[in-house]
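K.L.:
Residue numbers (the working numbering), protein chains in the order written: chain A, 6 to 255; chain B, 62 to 321.
Pasting in a structure now, in C-alpha cells, and then I'll have a few things to ask.
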Amino acid sequence: MDGGMVTVDSGEPVLVTLVGLVFLAAVLSLDDTSLAQTWLCQPLPAGILAGIVSGDTGTGLAVGLPLQLLIVSDLPVGHTHIGEHVSAVVACVGAVILTGHRLVPTLHGEINAETGLLGWIILAAVLFHLAGRWIINLEHKFHLTWMLEGSWSLRDGTLERFEKIQLRCLVITSFRGMVLFILWLTLLVIAWIPLFNRLPHRIVGGLSHLPWLVPAIAVGVLCERYGLRNCWHYVFGGSVLAYGVIRLLG
Amino acid sequence: MVSSRSRTHGPEPLPRSVFARVYLRTLALQASWNPQRMQNLGLLVSLVPWIRRQHISRMERRRFCRRHYEYFNTNPYLANYVLGGLLRLETENQDRSEQACHHIKTYKSTLAQSFASLGDQLFWLGLKPTILLFICVLAMWGHLWWVLGVTALFGLTQLELRRRALAAGYRFGLDIVELLSRPIWHRAIGLAKRAGMSLTGVLAGCFLAQSMTSSAGPPSEVQWSALALTAALPFLTRHRFSGAEVFLLALPLALILAYV
C-alpha cells in the first residue's frame, strides 16, 4: 500500500480468520435482532471482537468506536432498525486486516493517509449500515409470511409447526449476517480499499477530517434526542469536569 | 374466577424443567418479529413447553394457540413479567371459561403496553445511551478489556433480570400491577437519562482535551467553526436524522476543510 500506510503480516492463516469472522457475524447478528440482545453486537464490542479474531484489536477499535458514536442514539423502539451495523463493522475490520493494513484508533484531525483510510473505511461502514436496513425489512416480510403460514396450526393444533417457523427465523437471521458479511467484505477487498489509492490527495485530506467530526456529531445528535433545554447543564457540567480532570492529570 | 383465586392462593410452582425451557425460549422472543402481529409467534413458542405439560384436549390446545397468536408487542427486556403472569393465569384457568379467557387477553394486552412504554424509556432512552457512552469513553482511553467486560456485565445482568422477571410475573399474577406502580421505575429512568446526559458532556470534554493535546496541535478557528457546525447539524435539519445520516451530511464539510 502506498501513501505511507502501515501494513502488517498476519501470521494467522487467512481461511481460519475468515471462518472465524463469518461465525462472529452470524452470532452477533442473532444477538442484535433475535436472541438474547446482550449488546455485544454493538459496533464497539463487535469491532473489538472482530479485531481479536483477526489478530489486531487496534483496527477493531478504530472502526468500532466511530460507528458506535454515530449510532449511540439510535433507538430500536418497536423493533425499528435504522441500519444493520454488525456485518458492516465485522466486514470492515476483517477487510482492512486481511488486505494487510492497520488502522490506528484516532479521533484527532491529523491529516495523513492513515487517518484518510480510517475516514474512508468509516464511510463504507456507514453506507453498509444504512443499506442493511432494507435487508432487515425484507427479512421481516419473510417472517410475516411464515407467521401467516403458522395459522394452519390454529386449525390442526400442531405445536411443532410454530417451533419450526421460529427456528427457521433464527437460521435466516444468522444466514443474513453471514451473507451480508461476505458481500461487504468482497466489495471492500475488490473495490473500496483499492479505490482509496486512486483518490486525489485533497480528497484523502478531507477524509482525514471525518473521524474528527464524529464525536461532534454524536454530541449534537444526543443533545437533540435528550432536548437541549433539558440536558445542556448536564452536558456542560460533564464536559467541564472531564476536561478539567484530564488537564489536571496531564 | 381467575382474579379471586390468584389473589387469595399462592400459585403451584412451575416445574423447574418447564421454567428453564420457557426462559430459554423467551430469549428469542423477537426472533420471528413481523410487522403485523410483532412478537406473537415468539410469545406462543415460549409458552409451548408449558402447554405440552397440560393434559388438555386438542380443541383446548387450539383455543390456547388462538388466544396467544394475536398481536403482542412489548419491550424484550421486561417481557418476562408479562409471560410469567400469563403462565400463572393460564395455570389457574383450568375451567377454560370464556370469561377467564377474555380476562387473560385483556391482561396480556394491557400489561404488554405498560411494560413496552416502561422498557423503552428505561432501556432504549435511558440505559442504552448511558452504557454505550460509558464504554466509548473507556475505549477513548484504550481500555479495551474494560469495554468488553462492561458490555458482558450488562448482558449477564439483563439475562438475570429476565429470569427474575419470569419468576416474579408468575408469583405476582394479577398483582403485577402493584409492581408496575412502584416509583422505583421512574426514578431509575430519570437517573439513567441524567447519567446519559452527563456522559455526553464527559465525551465532549474528553474529545476536546484530546484534540488540544494531539500531535497535530490545537485546531484552527476554521476547524473549530466546522466542529461547531457539525454539532449543530441535528438541530439545523428539520428532519430527525440518525447519527449515521448526519455523518453523510457532514461529508461535504470535511471535504471543504481539506481545501481551506
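We put the beta carbon where it would ideally sit given N, CA and C, even for glycine.
For the stretch 124–178 of chain A, which segments carrying the alpha helix (DSSP H) assignment without a break, of at least 4 residues, lie completely within its bounds, in sequence order?
P.N.:
You should have 158–161.
K.L.:
Decide if residue 129 of chain B is buried, meaning its Cβ has at least 16 other Cβ atoms within 10 Å, or exposed.
P.N.:
By 1-based counting over the second sequence, the position of residue 129 of chain B is 68. Buried, by the Cβ-count rule.
K.L.:
Can the beta-carbon of residue 190 of chain A be found less than 8 Å from the beta-carbon of residue 200 of chain B?
P.N.:
Your numbering for residue 190 of chain A matches position 185 in the first sequence. Your numbering for residue 200 of chain B matches position 139 in the second sequence. Cβ atoms of residue 190 of chain A and residue 200 of chain B: not closer than 8 Å.
K.L.:
Would you please verify whether the beta carbon of residue 94 of chain B is less than 8 Å from any beta carbon of chain A?
P.N.:
In the second sequence, residue 94 of chain B corresponds to position 33, counting from 1. It does: the Cβ of residue 94 of chain B has a partner Cβ on chain A nearer than 8 Å.
K.L.:
For residue 270 of chain B versus residue 181 of chain A, is the C-beta spacing smaller than 8 Å?
P.N.:
Here residue 270 of chain B is taken as the residue at index 209 of the second sequence, counted from 1. Here residue 181 of chain A is taken as the residue at index 176 of the first sequence, counted from 1. No, the Cβ-Cβ distance between residue 270 of chain B and residue 181 of chain A is not below 8 Å.
K.L.:
Looking only at DSSP bridge pairs, what is residue 99 of chain B linked to?
P.N.:
Translated into the one-based positions of the second sequence, residue 99 of chain B becomes position 38. Answer is B:95 and B:133.
K.L.:
Roughly how many angstroms separate the alpha carbons of residue 193 of chain A and residue 172 of chain B, rounded to a whole number?
P.N.:
Looking up residue 193 of chain A in the first sequence gives position 188. Looking up residue 172 of chain B in the second sequence gives position 111. Straight-line Cα distance between these residues: approximately 47 Å.
K.L.:
Taking 8 Å as the cut-off, does the stretch 92–107 of chain A touch the stretch 238–250 of chain A (at least 3 CB pairs, one atom from each stretch)?
P.N.:
Touching, no, given that fewer than three Cβ pairs across the two stretches are closer than 8 Å.
K.L.:
Applying the 10 Å Cβ sphere with the 16-neighbour rule, what's the burial state of residue 296 of chain B?
P.N.:
By 1-based counting over the second sequence, the position of residue 296 of chain B is 235. Residue 296 of chain B is exposed by the Cβ-count criterion.
K.L.:
Counting only runs of 4+ residues fully inside the stretch 50–101 of chain A, write out the alpha helix (DSSP H) ranges in chain order.
P.N.:
Counting whole runs of 4 or more residues, the stretch 50–101 of chain A contains the alpha helix (DSSP H) stretches 62–76.
K.L.:
Note down, in chain order, all residues in the stretch 33–57 of chain A with a beta-carbon under 7 Å from any beta-carbon belonging to chain B.
P.N.:
From the stretch 33–57 of chain A, only 38, 39, 40, 41, 42, 43, 44, 45, 47, 49, 50 and 53 have a Cβ closer than 7 Å to chain B.
K.L.:
Would you please verify whether the beta carbon of residue 195 of chain A is less than 8 Å from any beta carbon of chain B?
P.N.:
One-based indexing of the first sequence puts residue 195 of chain A at position 190. Closer than 8 Å: no.
K.L.:
Pick helix, strand or coil for residue 261 of chain B, following the three-state DSSP scheme.
P.N.:
As a first step, residue 261 of chain B must be located in the second sequence, where it is residue number 200. Residue 261 of chain B: helix per DSSP, three-state reduction.
K.L.:
Tell me which residues share the same chain as residue 9 of chain A and place their Cβ nearer than 6 Å to its Cβ, disregarding the 5 neighbours each side in the sequence.
P.N.:
For this step, residue 9 of chain A is matched to residue 4 along the first sequence. Its pLDDT being 37, under 50, residue 9 of chain A is placed unreliably in this model, and the value from its coordinates should be taken loosely. Same-chain partners within the cutoff: 118.
K.L.:
Of all the CB atoms in chain B, is at least one closer than 8 Å to the CB of residue 88 of chain A?
P.N.:
Residue 88 of chain A sits at position 83 when you count from the first residue of the first sequence. Taking Cβ atoms only, chain B reaches closer than 8 Å to residue 88 of chain A, which makes this a yes.
K.L.:
Output yes if chain A places a C-beta closer than 8 Å to the C-beta of residue 243 of chain B; else output no.
P.N.:
On the second sequence, residue 243 of chain B is found 182 positions in, with the first residue counted as 1. Cβ-Cβ to chain A under 8 Å: no for residue 243 of chain B.
K.L.:
Could you tell me whether the Cβ of residue 183 of chain A comes closer than 8 Å to any Cβ of chain B?
P.N.:
Taking the first residue of the first sequence as 1, we reach residue 183 of chain A at position 178. Output row for residue 183 of chain A: interface = no.
K.L.:
Can you pull out the residues from the stretch 157–181 of chain B whose beta carbon lies closer than 9 Å to at least one beta carbon of chain A?
P.N.:
Against chain A - using a Cβ distance shorter than 9 Å - the residues of the stretch 157–181 of chain B are 177 and 181.
K.L.:
Any idea what DSSP makes of residue 112 of chain A, helix, strand or coil?
P.N.:
For this step, residue 112 of chain A is matched to residue 107 along the first sequence. The answer is coil: DSSP assigns residue 112 of chain A none of H, G, I, E or B.
K.L.:
Could you check which residue in B:244, B:131, B:211 and B:225 has the C-alpha nearest to that of residue 166 of chain B?
P.N.:
Here residue 166 of chain B is taken as the residue at index 105 of the second sequence, counted from 1. With distances taken between Cα atoms, residue 166 of chain B lies closest to B:131.
K.L.:
Is the separation between the beta-carbon of residue 45 of chain B and that of residue 102 of chain A shorter than 8 Å?
P.N.:
For chain B, the structure presents residues 62 to 321; residue 45 of chain B sits outside this window and is missing.
K.L.:
Answer yes or no: do residue 208 of chain B and residue 50 of chain A have a C-beta to C-beta separation smaller than 8 Å?
P.N.:
Counted from its first residue, the second sequence places residue 208 of chain B at position 147. Counted from its first residue, the first sequence places residue 50 of chain A at position 45. Yes. Within cutoff.
K.L.:
Taking Cβ-Cβ distances below 8 Å as the criterion, which residues of the stretch 223–246 of chain A are in contact with chain B?
P.N.:
Those residues of the stretch 223–246 of chain A that come within reach of chain B (Cβ to Cβ, closer than 8 Å) are 223, 224, 225, 226, 227, 228, 229, 230, 231, 233, 235, 236, 239, 240, 241, 242, 243, 244, 245 and 246.
K.L.:
Should residue 62 of chain A go down as buried or exposed, given a rule of 16 or more other Cβ atoms within 10 Å for buried?
P.N.:
Residue mapping note: residue 62 of chain A aligns to position 57 of the first sequence, counting from 1. By the neighbour-count rule (16 or more Cβ atoms within 10 Å), residue 62 of chain A is buried.
K.L.:
Between which residues of its own chain and residue 198 of chain A is the CB-CB distance below 7 Å, once the five residues before and five after are set aside?
P.N.:
Within the first sequence, residue 198 of chain A is the residue found at index 193, counting from 1. 100 and 104.
K.L.:
Taking the alpha carbon of residue 246 of chain B as the point to measure from, which residue in B:134, B:224, B:139 and B:312 has its own alpha carbon closest?
P.N.:
Position 185 of the second sequence holds residue 246 of chain B. Comparing Cα-Cα distances from residue 246 of chain B to each of B:134, B:224, B:139 and B:312, the minimum goes to B:139.
K.L.:
Closer than 7 Å by C-beta to residue 145 of chain B: which residues in its own chain qualify, once you throw out the five before and the five after it? Chain order, please.
P.N.:
As a position in the second sequence, residue 145 of chain B is number 84, starting the count at 1. Excluding residues within five positions, the ones whose Cβ falls inside 7 Å are 226, 227, 228, 229, 230 and 231.
K.L.:
For chain B, check one thing: does any of its Cβ atoms lie closer than 8 Å to the Cβ of residue 174 of chain A?
P.N.:
Here residue 174 of chain A is taken as the residue at index 169 of the first sequence, counted from 1. Interface residue, yes.
K.L.:
Cα separation between residue 134 of chain B and residue 147 of chain B?
P.N.:
On the second sequence, position 73 is the one that residue 134 of chain B refers to. On the second sequence, position 86 is the one that residue 147 of chain B refers to. Approximately 14 Å between the Cα atoms of the pair.
K.L.:
With distances taken between CB atoms, is the gap from residue 231 of chain A to residue 254 of chain B smaller than 8 Å?
P.N.:
Translated into positions along the first sequence, residue 231 of chain A becomes position 226. Translated into positions along the second sequence, residue 254 of chain B becomes position 193. Their beta carbons are under 8 Å apart, which means residue 231 of chain A touches residue 254 of chain B by this criterion.
K.L.:
Ordered along the chain, which non-local residues of its own chain (more than five positions away) have a Cβ less than 8 Å from that of residue 83 of chain B?
P.N.:
On the second sequence, position 22 is the one that residue 83 of chain B refers to. Around residue 83 of chain B: 75, 107, 108, 110, 111, 144, 148 and 227.
K.L.:
Specify the secondary structure class of residue 162 of chain B as computed by DSSP and reduced to three states.
P.N.:
Here residue 162 of chain B refers to the residue found at position 101 when the second sequence is read from its first residue. Residue 162 of chain B: helix per DSSP, three-state reduction.
K.L.:
Please decide whether residue 296 of chain B counts as near chain A, where near means a Cβ-Cβ distance under 8 Å.
P.N.:
Within the second sequence, the letter at position 235 stands for residue 296 of chain B. So, interface residue.
K.L.:
Taking the alpha-carbon of residue 52 of chain A as reference, which of A:187, A:24, A:233 and A:30 has the nearest alpha-carbon?
P.N.:
On the first sequence, residue 52 of chain A is found 47 positions in, with the first residue counted as 1. Residue 52 of chain A has its Cα closest to that of A:30, out of A:187, A:24, A:233 and A:30.
K.L.:
Out of A:183, A:144, A:153 and A:160, which one is the CA nearest neighbour of residue 174 of chain A?
P.N.:
Locating residue 174 of chain A in the first sequence gives position 169, where the first residue counts as 1. The candidate whose alpha carbon is nearest that of residue 174 of chain A is A:144.
K.L.:
For residue 148 of chain A versus residue 94 of chain B, is the C-beta spacing smaller than 8 Å?
P.N.:
Residue 148 of chain A sits at position 143 when you count from the first residue of the first sequence. Residue 94 of chain B sits at position 33 when you count from the first residue of the second sequence. It is a contact, given that the beta carbons lie within the stated cut-off.
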